[in-house]
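Notes for the one structure printed next.
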Amino acid sequence: MSGSTPNTPMEFWYNLPYESRQNVYNWMLNLVLAIGLVIVLFPIYWMLATSFIPPTELFSVPNPLVPTNVTLESYTAVLDTDVLLWYRNTVIFAGGVVTLTTVAATLGGYGLARLDIPYKKTFARVILFGYMFPPILLSIPMFIFWRQIGIINSLPGVILAQTATTLPFSLWLMWQFFQTVPYSYEESSRVIGSSRFQAFYEIALPLAKPGMIAVAIFSFAIAWGAYTIPSILLTNSSNWVLTLGLYSFTQAESVLWGQIMAASTLLVLPTFFFVYYLQKYILRGFQATRI
Amino acid sequence: MSIRESLVSGRLYGYRRGLFESLSKRWVFVALTVVPALAVFVFVNLFPMMWAFAAAFFEVGAFQPTWEWTGLENFRLVLNDSRFWDSLRLSIVFAVGSVTLQVIAGTALALLLNRSFSFKRVVRAIALLPYIVPTAVLSFVALWMGNARYGIINQLLVQVGLIQEPLAWYGSLDLAMPSVIVTSSWKFTIFVTIIVLARLQSIPPSIYEAATVSGASKLDRFVDITLPNLKGVLFIVVLLRGVWMFNKYDIIYILTNGGPQNQTMIASIYAYRTAFSDFNLGRAAAVSTLLFMLLIGAAIVYFHYFEPSQEVRVE
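These protein sequence lines are chains A and B, in that order. Counting from 35, one number per residue, gives the positions in the first sequence under the numbering used here. Counting from 26, one number per residue, gives the positions in the second sequence under the numbering used here.
Rendered as structure tokens:
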């Protein structure tokens, strides 16, 4: 092969030095990755772009890829509606779910890791089964039961209901985390005179912090965008979260796309700031659970 | 762990010292910590489920306060309803289609992200974005982008010349299901990516180095090291995502609401309609119960292959 002049493209290719071939491979893969990123980003970009286009211009075809007349019309129109109320509800709702999930999962995980009870394995399976349980199957029974006992259409109720979807996995994750903390640490602190609660609070809890952060982010990601359970349990629009509120911009004959995109942007924006943490902790969290 | 083992390892703190009192005290504190989680589980998972099982045997209207015993009538009606079986079939089509797409695209993306390239942190953060975009937002953006008259997708495809005239992506009989599959995959591909990426990162680089030294090509290393390491994780991902996509509700509800002409009416939409359009909660409970039984089957398979009490690795 060496020394001869290449006649075919294949020969030419294999006559190239190893490094150049690797470089070409790498750039091809980078190109594929770039195309993937465009697919990931374009819907988000188009949401932003649409929210800044004057609503009247939305129905002129073709639409320019970069908006020419940037305006805040859609945003001012959206702020005239109940969006801020729904936003507040979303914050309360997500905050409630995150708090309830993290506290219950941390306490419960600690308890499970320290208890010597039979059938713990079976219990773990029952818990994890809840993780597989889809919200729609849960929400219809919940609607029937809660209507019966009369706590339908309240924010605390829907917080509790949504927690059913975030708690199983979180509880299991915290359990796994506490199992990696040897009980002897707490035992030694008991020997030098701290109370049981102190041993938990001062020794076990700090060591489980990465797990707690993973749980908080995981439950936040679910609660902030939750739709199914709130849509079935919240019937009164003053109790809606913003994901439900988006529907109010669709009317019988026309859909207010500009306003929907503006409200969507408001909803999505804060979550962008969590992305860096998401990357680090979600990967770490999943790694720890070894799924 | 048996009592004897506990004695040897000293995990039962009080026992070794013969202090039964302190044992029971510890037990009380530890048991109390489990109570909040247990309460949520019982009140929000267990009770409603039992209620639904019970309601499946009754005639329960949305506006009537009393339940009327009907025995197996609800199940008979559901099982004799051809729309129920159609919806099951569509659920399977939707689940298989979207999981296939997600697993292929998700694994590819994870492999691409696991290499070394510039701006790695930023690129990874961008790739994770769909995970946090709420499904409702995604659905509305997709509806807008796929709009038959004004949608950017039609506009771009016509300009490039791939299609002659705008298509109703979510509104035509043939296109609705594929469109819904692709749209849902945009978001949930990232789930596969995250899990596969986590697994990829836990493969020790030394294995690859050793293989390279002994002359293995890129392809050899992929087939002999990467794939076997991913096999287990991919199995779990397919099963989990399969169950979740099978029961998906919100994205289809907003995109097509089961239409056009019930072409995308998957089982969860059927259950919803039975409850809130037909106002027949008893029958909806029967549908839930039937789907729940299917889910148990999946769960048994899941736990057969996945051991939850495995040791955990923490960095």
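We put the beta carbon where it would ideally sit given N, CA and C, even for glycine.
Taking every protein chain shown into account, the CB of residue 269/A has fewer than 16 other CB atoms within 10 angstroms, so this residue is exposed.
Of the residues 126/A, 232/A and 242/A, the one whose Cα lies closest to the Cα of residue 191/A is 126/A. Residue 162/B reaches chain A at 81, 259, 277, 280, 298, 301 and 302, counting residues in chain order whose Cβ is nearer than 8 angstroms. The C-alpha of residue 119/A is placed about 33 angstroms away from the C-alpha of residue 243/A. For residue 100/B and residue 230/B, the gap between their C-alpha atoms comes out near 55 angstroms. Every unbroken stretch of the alpha helix (DSSP H) spanning 4 or more residues and falling wholly within the stretch 190-246 of chain A is given here in chain order: 217-225.
Between residue 66/B and residue 127/B, the C-beta spacing is not below 8 angstroms.
Between residue 211/B and residue 84/A, the C-beta spacing is not below 8 angstroms.
Rounded to whole angstroms, the gap between the alpha carbons of residue 208/B and residue 273/A is 29 angstroms. Residues of chain A whose Cβ lies closer than 8 angstroms to the Cβ of residue 76/B are, in chain order, 175, 178, 179 and 182. The beta-carbon of residue 152/B is placed less than 8 angstroms from the nearest beta-carbon of chain A. Of the candidates 297/A, 302/A, 308/A and 305/A, the residue whose Cα lies closest to the Cα of residue 117/A is 297/A.
Secondary structure at residue 190/B: coil, using DSSP grouped into helix, strand and coil.
By the rule that beta-carbons nearer than 8 angstroms mark a contact, residue 73/B touches chain A. At a cut-off of 8 angstroms between beta-carbon atoms, residue 55/A makes no contact with chain B. Residue pairing of residue 86/B in beta bridges, as defined by DSSP: 305/B. Contact annotation: residue 280/A and residue 165/B have beta-carbon atoms nearer than 8 angstroms. Under the DSSP definition of a beta bridge, residue 94/B partners with 83/B.
For residue 284/A, DSSP records a beta bridge to 289/A. Listed in chain order, the alpha helix (DSSP H) elements of length 4 or more contained wholly in the stretch 256-330 of chain B are 275-280, 292-301 and 306-330.
For the set 150/A, 224/A and 136/A, the Cα lying nearest the Cα of residue 201/A is the one of 136/A. Between residue 50/A and chain B, the shortest Cβ-Cβ separation is not below 8 angstroms. The beta carbon of residue 130/A does not come within 8 angstroms of any beta carbon belonging to chain B, so the residue lies off that interface. Selection 262/B, 261/B, 233/B and 260/B evaluated against residue 248/B yields 233/B as nearest (Cα-Cα). Annotation: Cβ neighbours of residue 180/B in chain A (cutoff 8 angstroms, chain order): 95, 96 and 97. In the same chain as residue 314/B, and ignoring 5 residues on each side of it, the C-beta atoms closer than 7 angstroms to its own belong to 77, 78 and 81, in chain order.
Chain A has a Cβ within less than 8 angstroms of the Cβ of residue 177/B. Taking the C-beta atoms as reference points, residue 249/A is found nearer than 8 angstroms to residue 208/A.
When C-alpha distances from residue 78/A are compared across 307/A, 299/A and 66/A, the shortest belongs to 299/A. Contacts with chain B at 8 angstroms (Cβ-Cβ) do not include residue 219/A.
Fully enclosed alpha helix (DSSP H) runs of no fewer than 4 residues occupy 107-113 of the stretch 86-134 of chain A, in order along the chain. Note that the stretch 267-283 of chain B touches the stretch 115-130 of chain B; at least 3 beta-carbon pairs, one per stretch, sit closer than 8 angstroms. Chain order gives no chain A residues near residue 245/B, where near means a beta carbon separation below 7 angstroms; the closest approach is about 15 angstroms. Between residue 288/B and the set 70/B, 160/B, 204/B and 75/B, the nearest pair of CA atoms involves 204/B. Within the stretch 236-261 of chain A, contact with chain B at the beta-carbon level (separation under 7 angstroms) is assigned to 255, 258, 259 and 261.
Contact with chain B is absent for residue 120/A, since none of that chain's Cβ atoms lies less than 8 angstroms from the residue's Cβ.
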